[in-house]
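Engineer: Note that the UniProt record's numbering has the sequence shown beginning at 1, numbered continuously upward.
C-beta: ideal position from N, C-alpha, C; glycine also.
Got a structure for you, questions after.
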Amino acid sequence: MPQQVRGVIARKPGAPVELTDIVVPDPGPGEVVVSVAACGVCHTDLTYREGGINDEFPFLLGHEAAGTIESVGAGVDSVAVGDFVVLNWRAVCGSCRACKRGRPQYCFDTFNATQKMTLTDGTELTPALGIGAFAEKTLVHAGQCTKVDAAADPAVAGLIGCGVMAGLGAAVNTGNVGRGDSVAVIGCGGVGDAAIVGARLAGASTIIAVDRDQRKLAWAADLGATHTVDATTTDTVEAVQELTGGFGADVVIDAVGRPETWRQAFYARDLAGTVVLVGVPTPEMRLEMPLIDFFSRGGALKSSWYGDCLPERDFPMLIDLYQQGRLPLDKFVTERIGLDEVEQAFHTMHQGNVLRSVVVL
Numbered sequence: 001m002p003q004q005v006r007g008v009i010a011r012k013p014g015a016p017v018e019l020t021d022i023v024v025p026d027p028g029p030g031e032v033v034v035s036v037a038a039c040g041v042c043h044t045d046l047t048y049r050e051g052g053i054n055d056e057f058p059f060l061l062g063h064e065a066a067g068t069i070e071s072v073g074a075g076v077d078s079v080a081v082g083d084f085v086v087l088n089w090r091a092v093c094g095s096c097r098a099c100k101r102g103r104p105q106y107c108f109d110t111f112n113a114t115q116k117m118t119l120t121d122g123t124e125l126t127p128a129l130g131i132g133a134f135a136e137k138t139l140v141h142a143g144q145c146t147k148v149d150a151a152a153d154p155a156v157a158g159l160i161g162c163g164v165m166a167g168l169g170a171a172v173n174t175g176n177v178g179r180g181d182s183v184a185v186i187g188c189g190g191v192g193d194a195a196i197v198g199a200r201l202a203g204a205s206t207i208i209a210v211d212r213d214q215r216k217l218a219w220a221a222d223l224g225a226t227h228t229v230d231a232t233t234t235d236t237v238e239a240v241q242e243l244t245g246g247f248g249a250d251v252v253i254d255a256v257g258r259p260e261t262w263r264q265a266f267y268a269r270d271l272a273g274t275v276v277l278v279g280v281p282t283p284e285m286r287l288e289m290p291l292i293d294f295f296s297r298g299g300a301l302k303s304s305w306y307g308d309c310l311p312e313r314d315f316p317m318l319i320d321l322y323q324q325g326r327l328p329l330d331k332f333v334t335e336r337i338g339l340d341e342v343e344q345a346f347h348t349m350h351q352g353n354v355l356r357s358v359v360v361l
């Protein structure tokens, strides 16, 4: 039978979120119900609340989550009741042109649950990134669930489902950072710091953190940056060049996603270097630059989709690295909060006081 649980919704743009009763249907074919153990408060959830993604209100917020499979629908054999899973928002289809070419990390036809969760009056909810995990339970497609070691702390494991994977993957998967490379990361929030951790894991010799906030630069240094640059007092491009023998970094990752930071990333890289855009721009942003500079500098200009990850491959590996003490995911968890504290967590995040607030149920 459908279940009534508590969840955090956004009814209209800019309005404070509400903790209210929602209805979770029994899973249909290919679907599962997950009992949520923890869910990180990501900036994307705030963007949903502000109407920056689309206008399909009301939203059921939350997407950076881990939990336990409670029930499964017909035809589900990839996970079973009792499995501890990390949720993902890019369940690959296996049949689109990218999947058929052996590149499922670029799947062009990802999917979510078919049924809708609702308010008690029957109003359909739009789950954030197809997940909606600021709730005691949520309905997702089985392909959105990746089984990992149940011994992992759910508050830590859930972060792999979005911010950590996006940043770490931008360095390792998209940027192809290798041993001895020089890397610069512009923007040292959760995603940028995850890119720093990824660069360190990959063996980069020089890792330059760039930000305007001293607290964030301190976090970046603690997570593996070898140098920090305060962008309020220093020219970013000149600083990165100076720290790389005058040449620029092999890989520059823009974790902010603004025209000015992308331009800095472009000119702060070495000849034939790589720029990775993982920060998400808004639709109205525009960039104008001399075309000759694109030609004369060579290299690669890439966008990173979800860290170009393949959840079934990457999530268990990152959990293993965490449990081995090689991936300091616990440092990303700044505070643990309840479902009724999400609105305050948005304010805390906006002030730059946390890497991640995590809702623990």
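In this structure, does DSSP put Leu-201 in helix, strand or coil?
Structural biologist: helix
Engineer: Which residues share a DSSP beta bridge with Gly-132?
Structural biologist: DSSP output for Gly-132 lists no bridge partner at all.
Engineer: What's the gap between the Cα of Asp-83 and the Cα of Val-148?
Structural biologist: If you draw a straight line from the Cα of Asp-83 to the Cα of Val-148, it is about 8 Å long.
Engineer: Is the distance from the Cβ of Ala-225 to the Cβ of Ala-202 below 8 Å?
Structural biologist: no
Engineer: What is the DSSP secondary structure of Val-33, reduced to helix, strand or coil?
Structural biologist: strand
Engineer: Between Pro-311 and the rest of its own chain, which residues show a CB-CB distance below 7 Å, the 5 nearest in sequence each way excluded?
Structural biologist: Shown here for Pro-311: same chain residues with a beta carbon closer than 7 Å to its own, the five before and five after excluded, namely Asn-88, Thr-146 in chain order.
Engineer: Please report the distance separating the alpha-carbon of Pro-2 from that of Val-24.
Structural biologist: Approximately 6 Å, taken between the alpha carbons.
Engineer: Could you tell me which whole alpha helix (DSSP H) segments of length 4 or greater appear in the region 181-230?
Structural biologist: 190-201, 214-222
Engineer: Could you tell me which residues DSSP puts in a beta bridge with Glu-64?
Structural biologist: Answer is Gly-40, bridged to Glu-64.
Engineer: Give a yes or no on contact between the region 254-271 and the region 166-186, applying the rule of three or more CB pairs nearer than 8 Å.
Structural biologist: Contact between the region 254-271 and the region 166-186 is present: three or more C-beta pairs spanning the two stretches fall below 8 Å.
Engineer: Output yes or no for whether 8 Å exceeds the beta carbon distance between Gly-73 and Gly-132.
Structural biologist: no
Engineer: CB Gly-130 to CB Gln-144, shorter than 8 Å?
Structural biologist: yes
Engineer: Who are the near neighbours of Phe-266 in its chain, counting only those whose CB is closer than 7 Å to its CB and skipping five residues on each side?
Structural biologist: Here the set comprises Val-275.
Engineer: Give me the Cα-Cα distance between Phe-134 and Leu-291, rounded to the nearest whole angstrom.
Structural biologist: Just so you know, the alpha carbons of Phe-134 and Leu-291 end up roughly 45 Å apart.
Engineer: Tell me whether Ser-78 sits in a helix, a strand or coil according to DSSP, three-state version.
Structural biologist: coil
Engineer: Can you find the residues in the same chain that come closer than 6 Å, C-beta to C-beta, to Ala-66, ignoring five residues on each side of it along the sequence?
Structural biologist: Ala-37, Ala-38, Val-86, Pro-154, Ala-157, Gly-158
Engineer: Under 8 Å by Cβ, that's how I've got Thr-20 and Leu-119 pegged, so tell me the actual separation to the nearest angstrom.
Structural biologist: 7 Å
Engineer: Is Asp-250 closer than 8 Å to Ala-231 when the C-beta atoms are compared?
Structural biologist: no
Engineer: Using DSSP bridges, identify the partner residues of Asp-339.
Structural biologist: Here the sequence assigns Leu to residue 339, which means Asp is not the residue at that position. According to DSSP, Leu-339 bridges with nothing at all.
Engineer: Does DSSP put Thr-118 in a helix, a strand or coil?
Structural biologist: In the three-state reduction of the DSSP assignment, Thr-118 falls in the strand class, which pools E and B.
Engineer: Three-state secondary structure (DSSP) at Ser-95?
Structural biologist: Coil, per DSSP.
Engineer: Which residues mark the beginning and the end of the beta strand (DSSP E) in which residue 375 is found?
Structural biologist: As displayed, the chain neither begins before 1 nor continues past 361, which places residue 375 out of reach and without an answer.
Engineer: What's the call for Ala-80, buried or exposed, on a 16-neighbour Cβ count within 10 Å?
Structural biologist: exposed
Engineer: Assuming contact is defined by CB atoms lying nearer than 8 Å, are Glu-50 and Gly-163 in contact in what I supplied?
Structural biologist: Taking 8 Å as the Cβ cut-off, Glu-50 and Gly-163 do not qualify as a contacting pair.
Engineer: Could you tell me which of Trp-219, Arg-286, Asp-330, Gly-257 sits nearest to Gly-352, measuring between CA atoms?
Structural biologist: Trp-219
Engineer: For the beta strand (DSSP E) containing Asp-254, name the first residue and the last one.
Structural biologist: 249-254
Engineer: Of the residues Ser-357, Leu-329, Thr-334, Pro-328, which one's Cα is nearest the Cα of Val-342?
Structural biologist: Ser-357
Engineer: Classify Phe-59: buried if its beta carbon has 16 or more other beta carbons within 10 angstroms, exposed otherwise.
Structural biologist: buried
Engineer: Shortest alpha-carbon distance to Asp-308 belongs to which of Gly-62, Ala-171, Asp-45?
Structural biologist: Ala-171
Engineer: Among Val-360, Arg-6, Val-8, Leu-355, whose alpha-carbon lies nearest the alpha-carbon of Cys-188?
Structural biologist: Leu-355
Engineer: Is Phe-111 helix, strand or coil when you go by DSSP?
Structural biologist: strand
Engineer: Does the separation of the CB atoms of Val-8 and Leu-46 fall below 8 Å?
Structural biologist: no
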